[in-house]
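Heads up, the thing below is written out as structure tokens.
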Amino acid sequence: MRTTRVVRRFAVTTGAALLALTGAAGSAAADGETPEKVTEAGTSFRTATAIRPDQQATAEASTGDYLYWAFPVDTGQRATVHATVKLPEAAARHAASTWQVDVYDGLRRRQACRLGTPTKTAAQDVSSVSLSCTLRTVRSWSEQWANDPLPGTYYLRLTVTDLKADDLGLPVRAEAKVTTTDAGGAQAVDGALAEPLVPGAGADGSDQRRTAAVEPEDGWSGGWWSSRWLWTAAGGVLAALAGVGGYALTRGSGRPARVPQGM
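Sequential numbering of the sequence shown, starting at 744, is according to my numbering.
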């Protein structure tokens, strides 16, 4: 009984420590000020306007323009892009229009949407259209032949894909925002990239673009740490406790007193 009490006390203490460690690792983000709004957008990958997660971006444009924003996504994060287009007055339009958001990684590979509505048709009488796209969780490493999302700069492109020619050039107001969530150790993989997929300056150093400076506020992660380490340690501790408890329950009380010592 004394051994059982010791095992139980050790299990309670260890469990409390593991819960505290997990909670400390989960509280990654500290409260900060809301980023300032961005009031412009680029017209190509090279001139994409840099924004950060949770930063509101707006742009005045003409129907038919391509609008680009660039944002960072790090290992273990799942990004969702949101876009809203304020359409011209219904009397000025001649037909419905179809709008679309596309997301590209640092290699300009188009990334698929897991969730959301990346393409939507706006009837002639509606005043706005909202789009969204939730990407797959960013991995720390991938095979060369795969199209897995990797840490680095991502590009959000907003444009109209189906429009009557008479409506080209009408003024619109676009709004964009990117949110990120931590997917946790369940989505973690081993390995890491040598460098994040971030565009740099030109060969002569004169082509420095705003998108080259986009990165998370706390820098890029190394790629080796994830909450899987905590769960692995917890599994090892629980296995040890199970072994000690099983031994304490099955070893018995020793040799009965009525049995001679030589037996």
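Glycine is no exception: its CB is placed at the ideal position from the N, C-alpha and C atoms.
What number of angstroms, rounded off, separates the C-alpha of residue i from the C-alpha of residue j?
i: Cys876; j: Thr864; result: 15 Å
i: Val869; j: Ala802; result: 20 Å
i: Thr862; j: Ser871; result: 14 Å
i: Gln798; j: Thr860; result: 21 Å
i: Val987; j: Val980; result: 11 Å
i: Thr782; j: Ala800; result: 6 Å
i: Thr792; j: Leu858; result: 25 Å
i: Gly948; j: Arg852; result: Reliability of the predicted coordinates at Gly948 is poor, the pLDDT of 46 falling under 50, and the value obtained from them is presented with this limitation in mind. One C-alpha to the other measures close to 25 Å.
i: Asp1011; j: Glu832; result: Nothing about residue 1011 can be read from this structure; the chain reaches only from 744 to 1006.
i: Leu830; j: Asp925; result: 34 Å
i: Asp905; j: Asn890; result: 28 Å
i: Ala917; j: Ala826; result: 7 Å
i: Trp884; j: Ala919; result: 28 Å
i: Ala985; j: Arg994; result: 14 Å
i: Ala813; j: Ser873; result: 19 Å
i: Ala982; j: Trp974; result: 12 Å
Apart from the five residues on each side of it in sequence, which residues of its chain come closer than 8 Å, Cβ to Cβ, to residue i?
i: Arg900; result: Tyr809, Leu810, Tyr811, Val844, Asp845, Val846 and Tyr847
i: Pro892; result: Val816, Asp848, Gln854, Leu878, Arg879, Thr880, Val881 and Arg882
i: Thr786; result: Asp808, Tyr809, Leu810 and Tyr811
How is residue i classed by DSSP in three states: helix, strand or coil?
i: Val987; result: helix
i: Asp961; result: coil
i: Thr975; result: helix
i: Thr993; result: helix
i: Asp910; result: helix
i: Val881; result: coil
i: Val869; result: coil
i: Leu830; result: coil
i: Val941; result: coil
i: Leu810; result: strand
i: Leu981; result: helix
i: Ala835; result: helix
i: Thr841; result: strand
i: Arg853; result: strand
i: Lys780; result: coil
With a 10 Å radius around its C-beta and 16 neighbouring C-beta atoms as the bar for buried, classify residue i as buried or exposed.
i: Arg882; result: buried
i: Thr923; result: buried
i: Tyr990; result: exposed
i: Gln820; result: buried
i: Gly978; result: exposed
i: Ala854; result: Per the sequence shown, residue 854 should be read as Gln rather than Ala. The residue is buried, with at least 16 neighbouring Cβ atoms inside 10 Å.
i: Asp818; result: For the record, residue 818 in the displayed sequence is Thr; it is not Asp. It is buried - the Cβ of Thr818 has at least 16 other Cβ atoms within 10 Å.
i: Lys780; result: exposed
Give a yes or no on whether the C-beta atoms belonging to residue i and residue j are separated by under 8 Å.
i: Pro942; j: Gly807; result: no
i: Thr841; j: Val903; result: yes
i: Val957; j: Pro796; result: no
i: Lys907; j: Ala834; result: no
i: Ala784; j: Tyr897; result: no
i: Val828; j: Val921; result: no
Within the same chain, show all residues whose beta-carbon is closer than 6 Å to that of residue i, passing over the 5 residues directly before and after it, in chain order.
i: Arg836; result: Gln867 and Asp910
i: Gln887; result: none
i: Pro939; result: Pro894, Gly895 and Trp963
i: Ile794; result: Val781, Ala800, Trp812 and Phe814
i: Pro959; result: Pro815 and Asp817
Please go through the same chain and pick out, in chain order, the residues whose beta-carbon is closer than 7 Å to the beta-carbon of residue i, but skip the five residues on each side of it.
i: Gly912; result: Ser805, Thr806 and Gly807
Does any CB atom of chain C fall closer than 8 Å to the CB of residue i?
i: Leu981; result: This model lacks chain C altogether; it includes just one protein chain.
Would the C-beta of residue i count as close to the ligand PLP, meaning under 7 Å from any of its heavy atoms?
i: Thr904; result: Ligands are entirely absent from the displayed structure, and the ligand PLP is therefore not among its contents.
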